[in-house]
Structures are given as structure tokens and as C-alpha cells.
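Take a look at the structure set out below.
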Amino acid sequence: MGAMSTAVVFEQPGKMAVRPVELPEPLSTDCVVEVHWTGISTGTERLLWDGRMPPFPGLAYPLVPGYESVGSVISSGSESAIQTGQRVFVPGSRGFTDVSGLFGGAAKSLVVPAERLVSLPSEMESTGVLLALAATACHAIRRLEDLGPPELIIGHGALGRLVARVSEARYQVTPTVWETAAERREGHFNYPVLDPSEDGRRDYQRVCDVSGASMIIDQAVDHLTKHATVLLAGFYAAPIHFDFPAAFMREIDIRISAEWQPEDMQAAMDLVSGGDLSLSGIITHDQPFNSAEIAYNRAFSDPRCLKMVLDWRDA
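If you're matching positions, the sequence shown starts at 2 in the numbering used here and goes up one per residue.
Put into C-alpha cells, the structure is as follows:
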């Protein structure tokens, strides 16, 4: 029997437990990581929780979710270049022997291929869980780099805020952000945050949607100029539908931004370490790991909760 860990397990849609799971035997290219904090994704993990996740490689219940973990390496394989004690960001693990892992990061101990780990400064704490979203924001903006930064960002959750901040940091521009939830329009920002009904502009050329709303093209199209580009950078569980004539008249382009790549993570790390990208104010809630069900329900239901973090340090 392999070493044991404690993990958040989605037993089936809508049913959760925090319980022991068995780790795989580490390979010479693996590290074992002791996790300190894990973030909860209100996109991907919500779909896993309520059973709406489309068919995805490795999707089976029971499963351990999570791809936003920060911890320390407690053992390093003979072929790993990462030293014991190094603080790392973990975008998912090699999984478990008795449950599925999609993406297997929400656990106290993890076995992870060393090449997947991202070394962090020793002083970086729970804000490190945001690096996956920061890299996703950098990837989205890279998908528009031949055209320029987004002028309009739709959605002011954690990812929308990071897309706005990366746009400001890299291009010194001020995008407009749409947000329908009044709670997420509150606060002081370097850019305007509007209810879409308040925006009279009709000539946006570059739009980045992170809302995940399946009808988003119809909602935005009246605000677009001819030959505008709409980048779909959220995750869309439902088929995207739109009324063709309005899009036809404007000859809009539709692009899709998928998961971040290593160069995006490096870009995000460079912006953070250089002081150009702040990760502050995005983690709004935290809970101890043994209150995971409370944490997940809050993360999925409270619009004031931008990012919930589970604290594993006392596990």
C-alpha cells in the first residue's frame, strides 16, 4: 500500500468528503509536495461539483479536484532538479491510486512530476494560488497580441480582474469591464466597471469574455464595430448560440483562448516579481481544509467571493 494523503473528494456530483486517499509511488522524476494552500476554481470545479462538466479526459467520480496549489517540496526524485524545501506552485498532480484526479491538487500531500512544478519565492504565501489565473490572463492577451489588448473585458471575477491588470501592466491601457453583479462592481479600480446596460459605446474592436455565458455574443454584438474580434476566454459548459444576422453585418471574428502554456506562466511570474502585476485583493475568503464543504458552497454561491482558499497547514 502506498503513502496516504488527505484530500477533498467529490464522491459524485453534489456530494463531497475530506478523507484519506492513496498516493502513487513517486518516480525518479517526481517530487512529493506538502501543500499549504489550495484555491477553489469557480469555473472548472463548479462544473465538476454539479455534474455539468462536458466529457473530459480522466473525468470519473470519485475525484480530487484542484489545480491551484502552493506548497513545499519534501522529497525530490534523483532525476529532479528541484531541491527539497523549495516553495512551489502545483498546477495539478500525478493523481491517486484509489480515486481519479481532475486535476488532483486539493490534497495535503501530492506526487507531482518535477517538470510541472513552478518554483516560487520562499516568502510567497497563499497569493501564489492565483498564478494559474494570472497565466490564463497572460495567455488570453497573447491570443490577441496581433491585434492589441482588449478594450472590453466581460466579467469582473478573479480572472476578469487579472486580465484587466495584465492589460494595464503590459500595454498601459485602461480597458472597460462589464459586470452584471452589483457586488462585483463595488470598489475603486483603475478602469471603469459598468453594468452592460450603462455602456453606450458602440465601437469596441477587441473584446475578451471571461464570463462563461453561452449567449455572450448576442449580449455584446450591438456594442461592436465592424470586423471586431471576440475572444472567448472563459469555460463554456453550454453550447454557444448567437443570432447570425447582427454578427454577419459586422463580420466579427471569434477566437478561443484555452489553457495557459509554460511561457504564459513565465510571463505572469515576471510581471509579479517585477512589481508590475499585483495579486492583492483577489483572495477574499479562506477556510481550513476540514471546512471544505462550507468553503466550496460559499465560493460557488456568493458573488462577493472572488477567490476562496483552503488552508492545509494544520492537516
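We put the CB at the ideal spot given by N, CA and C, even for glycine.
Going by the CB atoms, is the gap between V33 and S76 shorter than 9 Å?
Yes, they are a contact pair.
For Y62, does the three-state DSSP call read helix, strand or coil?
Residue state, collapsed to three classes: coil.
Among T7, V100, G106, A115, whose alpha-carbon lies nearest the alpha-carbon of T30?
Nearest of T7, V100, G106, A115 to T30, Cα basis: A115.
Let me confirm a value: S123 is counted as buried when at least 16 other C-beta atoms fall within 10 Å, else exposed. Which label applies?
With fewer than 16 Cβ atoms within 10 Å of its Cβ, S123 is classed as exposed.
Checking 9 Å against the spacing of the C-beta atoms, do V211 and A229 come in under that value?
Contact flag unset, no.
With respect to the beta strand (DSSP E) encompassing Y205, which residues constitute its N-terminal and C-terminal limits?
First-last of the beta strand (DSSP E) with Y205: 205-210.
Since C32 sits in a beta bridge, which residues does DSSP pair it with?
Its beta-bridge partners are S77, V113.
For M54, which of helix, strand or coil comes out of DSSP?
Residue state, collapsed to three classes: coil.
Going by alpha carbons, who is nearest to L48 out of P63, P263, Y237?
Relative to L48, the option among P63, P263, Y237 whose CA is nearest is Y237.
Which value, in whole angstroms, describes the spacing of the CA atoms of L160 and K308?
For L160 and K308, the distance between alpha carbons rounds to 10 Å.
Helix, strand or coil at A108 according to DSSP, with G and I counted as helix:
A108: strand per DSSP, three-state reduction.
Determine the closest residue to G201 out of H224, P193, G52, with distance taken between C-alpha atoms.
When each option's Cα is compared against that of G201, the closest is H224.
Check each candidate in Q206, E184, G282, A214 and name the one with the smallest Cα separation from G149.
For the residues Q206, E184, G282, A214, the minimum Cα distance to G149 belongs to Q206.
Please return the same chain residues whose Cβ sits closer than 8 Å to the Cβ of L131, not counting the five positions on each side in sequence.
If the five residues before and after L131 are omitted, its C-beta is found closer than 8 Å to the C-beta atoms of G40, E69, A159, L163, L280, I283, I284, K308, all from its own chain and listed in chain order.
So is K16 buried or exposed if we call it buried at 16+ other beta carbons inside 10 Å?
With fewer than 16 other Cβ atoms within 10 Å, it is exposed.
Nearest-angstrom Cα distance between P176 and H157?
Computed Cα separation, rounded: 12 Å.
Where G86 falls: helix, strand or coil (DSSP):
Note: G86 maps to coil in three-state DSSP.
G102, DSSP secondary structure in three states:
Strand.
Can you give me the C-alpha to C-alpha distance between D219 and R203, rounded to a whole angstrom?
Computed Cα separation, rounded: 14 Å.
For W38 and V178, the rounded distance between their alpha carbons:
For V178 and W38, the gap between their C-alpha atoms comes out near 29 Å.
Tell me the DSSP secondary structure of I241 in three-state form.
DSSP places I241 in coil when its eight states are reduced to three.
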